[in-house]
Amino acid sequence: MIVTKEWMENRFEIFNRQYFQGQLPKPGFTLSRARTQLGQCRCRYKKRGLWQRNKLESCVIALSTYYDMEEREACNVLLHEMIHYYIAHNQLKDTSAHGRLFRQIAQSLNARWGWQVSVKTSVEGWALAQPQKNTTETFLILAVETSGGACYLSVVMPSYAHKLEAEIQKSREVIHHRWYTSRDDYFKGFPKVRSLRGRKMSKEDLSRTLSACQPFDLQVG
Numbered sequence: 008m009i010v011t012k013e014w015m016e017n018r019f020e021i022f023n024r025q026y027f028q029g030q031l032p033k034p035g036f037t038l039s040r041a042r043t044q045l046g047q048c049r050c051r052y053k054k055r056g057l058w059q060r061n062k063l064e065s066c067v068i069a070l071s072t073y074y075d076m077e078e079r080e081a082c083n084v085l086l087h088e089m090i091h092y093y094i095a096h097n098q099l100k101d102t103s104a105h106g107r108l109f110r111q112i113a114q115s116l117n118a119r120w121g122w123q124v125s126v127k128t129s130v131e132g133w134a135l136a137q138p139q140k141n142t143t144e145t146f147l148i149l150a151v152e153t154s155g156g157a158c159y160l161s162v163v164m165p166s167y168a169h170k171l172e173a174e175i176q177k178s179r180e181v182i183h184h185r186w187y188t189s190r191d192d193y194f195k196g197f198p199k200v201r202s203l204r205g206r207k208m209s210k211e212d213l214s215r216t217l218s219a220c221q222p223f224d225l226q227v228g
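For the sequence shown, position 66 (counting from the first letter as 1) is numbered 73 according to our numbering, and the numbering increases by one without interruption.
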């Protein structure tokens, strides 16, 4: 089967009731064409006071349509991302992205309900989805890290890319940047910028988001 947003939404509601006590607010759902990352849980946080934890503002779960998966395989991937969402929503601490808590929840689902949720899924032997005509937009993406350690992600108006590149080259504040492209619907939620501004993200969230994007070499004349 090729996963769809409708399938994701339906299964999310069922799994949320059965395994997460209905605690999880409905997230956004999107599809990707990632080859190596079957799913993603992209969380956006709102900054709070100095002594308070940042508040989870929104979440988007993405599943890949690169493979023609068995439904059970797709369920395992969705459950994997729902564990990430559960940990983030409840502001629980874990030892790493797939740390002790994540593994405990996954093992509980596997032992009690017979799932096969794992940290990493082997796709060896999986059938590729039949290529379809892609009518989605290609987004030009800029990832920036500043000298203060802050990370930003922007969707750039293509006609302004060289202007922004020139500004970055002159900037002392930007210590690292890279261009990417993607056809993921997730980026429809970003404004197309014409200046150096973007959405602030943690390094971990930025890395997850960019893992499904294609590096792009912006030719500078």
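Glycine included, each C-beta is placed from N, C-alpha and C at the ideal position. Predicted model, so just to flag it, every value in this text is computed and none were measured.
Asked	Found
If you draw a straight line from the alpha carbon of K199 to that of G121, how long is it in whole angstroms?	44 Å
Which term fits V163, buried or exposed, when burial requires 16 or more other beta carbons within 10 angstroms of its beta carbon?	buried
In the DSSP assignment, the beta strand (DSSP E) including L38 goes from what residue to what residue?	G35 to S39
Determine the burial state of L86: buried for a count of at least 16 other Cβ atoms within 10 Å of its Cβ, exposed for fewer.	buried
For my contact list, L217 and Y187 are in at a C-beta cut-off of 8 Å; report their separation, rounded to the angstrom.	6 Å
Report the CB separation of L225 from E172 in whole angstroms; it is logged as a contact under 8 Å.	6 Å
Using only the alpha-carbon positions, how far apart do R185 and E174 sit?	14 Å
Once the 5 residues before and after R18 are set aside, which same chain residues still bring their CB inside 7 Å of it?	C82 and L85
Of all the options S209, V151 and E64, which has the alpha carbon lying nearest to the alpha carbon of H183?	V151
Under 8 Å between the Cβ atoms of L70 and L108?	no
Rounded to a whole number of angstroms, what is the C-alpha to C-alpha distance between S39 and F197?	16 Å
Apart from the five residues just before and just after T142, which ones in its own chain have a Cβ nearer than 8 Å to its Cβ?	Unreliable placement is indicated for T142, whose pLDDT of 49 sits below 50; the coordinate value is still reported in the next sentence. Contacts found: none.
Decide if I148 is buried, meaning its Cβ has at least 16 other Cβ atoms within 10 Å, or exposed.	buried
DSSP three-state call for S148: helix, strand or coil?	Correcting the residue type first, residue 148 is Ile in the shown sequence and not Ser. DSSP places I148 in strand when its eight states are reduced to three.
Compute the Euclidean distance between the alpha carbons of R201 and S166, then round it to the nearest angstrom.	8 Å
Could you tell me which of S65, E131 and G106 sits nearest to K54, measuring between CA atoms?	S65
First and last residue of the beta strand (DSSP E) that includes K53?	G46 to K53
Under 8 Å, with one C-beta from each stretch per pair, do the stretch 90-97 and the stretch 23-33 reach the 3-pair mark?	yes
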